[in-house]
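*Asks:* Here you go, one structure.
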Amino acid sequence: MSDVTIGFDIGGTNLRAGVVDSSGRVLATLSQRTPRHAESAERVIVDMVARLRAEYDVSGVGLAVAGFLDPECERIRFAPHLPWRDAPLRATLESRLNLPVVLEHDANSAAWGEYRFGAAQGAHTWVFFAVGTGIGATLMVDGTIYRGAFGTAPEFGHLSVVHGEHARKCSCGKSGCLERYASGTALVDTARDLAGKYPMTTLADDLGTGLDVTGHDVVLAAREGDALGLAVLRDFGGWMGLGLTFVADILDPELIVVGGGVATDADLFLDRARTTMSDSMVGSGYRPIPRVECAELGGQAGIIGVADIARELYS
1 MSDVTIGFDI
11 GGTNLRAGVV
21 DSSGRVLATL
31 SQRTPRHAES
41 AERVIVDMVA
51 RLRAEYDVSG
61 VGLAVAGFLD
71 PECERIRFAP
81 HLPWRDAPLR
91 ATLESRLNLP
101 VVLEHDANSA
111 AWGEYRFGAA
121 QGAHTWVFFA
131 VGTGIGATLM
141 VDGTIYRGAF
151 GTAPEFGHLS
161 VVHGEHARKC
171 SCGKSGCLER
181 YASGTALVDT
191 ARDLAGKYPM
201 TTLADDLGTG
211 LDVTGHDVVL
221 AAREGDALGL
231 AVLRDFGGWM
241 GLGLTFVADI
251 LDPELIVVGG
261 GVATDADLFL
271 DRARTTMSDS
281 MVGSGYRPIP
291 RVECAELGGQ
301 AGIIGVADIA
311 RELYS
């Protein structure tokens, strides 16, 4: 059997695929926007696999999905940023691809990649904190992913951190979730909230004139010294630190690895997040503080991880 597998990272914005070998090396990639309808997304996955199989002899397919799965990793129960609802995606795609298919949570997939090939090699009790369109997390203990009784643990992104009428609405149906303040999609909302305090900045002007400002634009503004952009990233770091505090107080890990799309700009917020965590932990000053490191595999961690999971399961 071939030791080459295909890994998919299916996020709310992009659907990416890669051919990965047993050393974690990505041999080829494809990417496109994630369709809004389930059938369209499945057609895209089937087409991408066919294109990659034309060049490589693959033995299986892994799907890293941003959503809640059943404990057996057969169905997508709920995915706030994806079109599936209680869908038997693994069986559906196996029948269409005629290949073994593995379904895994996106944060778990990236965590496995970092554990096998990246920043968490050798760690025993550690947490992967994935920050992108939303927030995902994974707890690993001695090389095993902890899933909880019903397959959804641990869920930090949808802990309520702001209450009342001004709490931001979340795509999960709740309000005030952590990921509405400490994820890539939160950056523009925070910029709008703070723009009145920094009216003479380029970013505030762009927001005021109705330009389609993105989170990437906010980060670029911060890198260029824009006062509003810098304030947004300071605010982001504080909320991120609160999230890391939850992780440290509840799970007591030796290591927290911050990954996901936003982690590429960690130099703008991670120091503040570390300080917030160390100052806010229960027993601060009298207990060990978890190390907080950046992921090493970047945006390909999920692809690498879920491809490796598929390889191990079917080897």
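Residue 31 in full-length UniProt numbering sits at position 31 of the sequence shown, with consecutive numbering throughout.
Where is the CB? At the ideal position from N, CA and C, for every residue including glycine.
Quantities reported herein were computed from a predicted structural model and do not represent experimental measurements.
1) On the DSSP bridge assignment, give the partners of H105 in chain order.
2) Taking only runs that begin and end inside the segment 169–226, name each unbroken alpha helix (DSSP H) of 4 or more residues, in chain order.
3) Output the distance between the C-alpha atoms of D122 and Y115, rounded to the nearest integer angstrom.
4) Write down the C-beta distance between A66 and G12 rounded to the nearest angstrom, noting that I regard them as a contact closer than 8 Å.
5) Report yes if the C-beta distance between L268 and V218 is below 8 Å; otherwise report no.
6) What's the C-alpha gap between S280 and V161?
7) Throw me the rounded Cβ distance for the C294 and A266 pair, which I believe falls under 8 Å.
8) With V26 as the anchor, note down where its beta strand (DSSP E) starts and where it stops.
9) What residue range is occupied by the uninterrupted alpha helix (DSSP H) comprising V44?
10) Select from A227, R90, G62 the residue whose C-alpha is nearest the C-alpha of T310.
11) Cutting at 8 Å between CB atoms, please list the residues of its own chain near I145, excluding the five before and the five after it.
12) Once DSSP output is grouped into helix, strand and coil, what is the label at S278?
13) Compute the Euclidean distance between the alpha carbons of G305 and G208, then round it to the nearest angstrom.
14) Can you name, in chain order, every residue of its own chain whose Cβ lies under 7 Å from the Cβ of T125, other than the five neighbours on each side?
15) Compare the C-alpha of L103 against each of I6, V213, A204, G225 and name the closest.
16) Please report the residue range of the beta strand (DSSP E) in which T138 lies.
17) Looking at S171: is its Cβ nearer than 8 Å to the Cβ of P80?
18) In three-state terms, what does DSSP make of E74?
*Replies:* Judging by the given coordinates:
1) Secondary-structure assignment with DSSP links H105 through a beta bridge to V65.
2) The alpha helix (DSSP H) runs lying completely inside the segment 169–226 and spanning 4 residues or more are 186–194, 202–208, 215–223, given in chain order.
3) In the sequence as presented, Asp is not what sits at residue 122; that position holds Gly. About 7 Å.
4) Their Cβ separation, rounded to whole angstroms, is 6 Å, which keeps A66 and G12 in contact under 8 Å.
5) Taking 8 Å as the Cβ cut-off, L268 and V218 do not qualify as a contacting pair.
6) Taking the straight line joining both Cα atoms gives about 14 Å.
7) That pair is a contact at about 5 Å.
8) V26: member of the beta strand (DSSP E) spanning 26–33, first to last residue.
9) Here the alpha helix (DSSP H) through V44 covers 38–53.
10) One point to set straight first is that residue 310 is Ala, not Thr, in the sequence displayed. Of A227, R90, G62, the residue nearest in Cα terms is G62.
11) N108, A111, W112, T138, L139, listed in sequence order.
12) Note: S278 maps to helix in three-state DSSP.
13) Cα atoms of G305 and G208: separation of roughly 42 Å, rounded to the nearest angstrom.
14) Correct list, in chain order: V141, P253, E254.
15) Measuring from the Cα of L103, the nearest candidate turns out to be I6.
16) Where T138 is concerned, the enclosing beta strand (DSSP E) starts and stops at 135–141.
17) S171 is a Cβ neighbour of P80, given a cutoff of 8 Å.
18) Here E74 sits in coil by DSSP.
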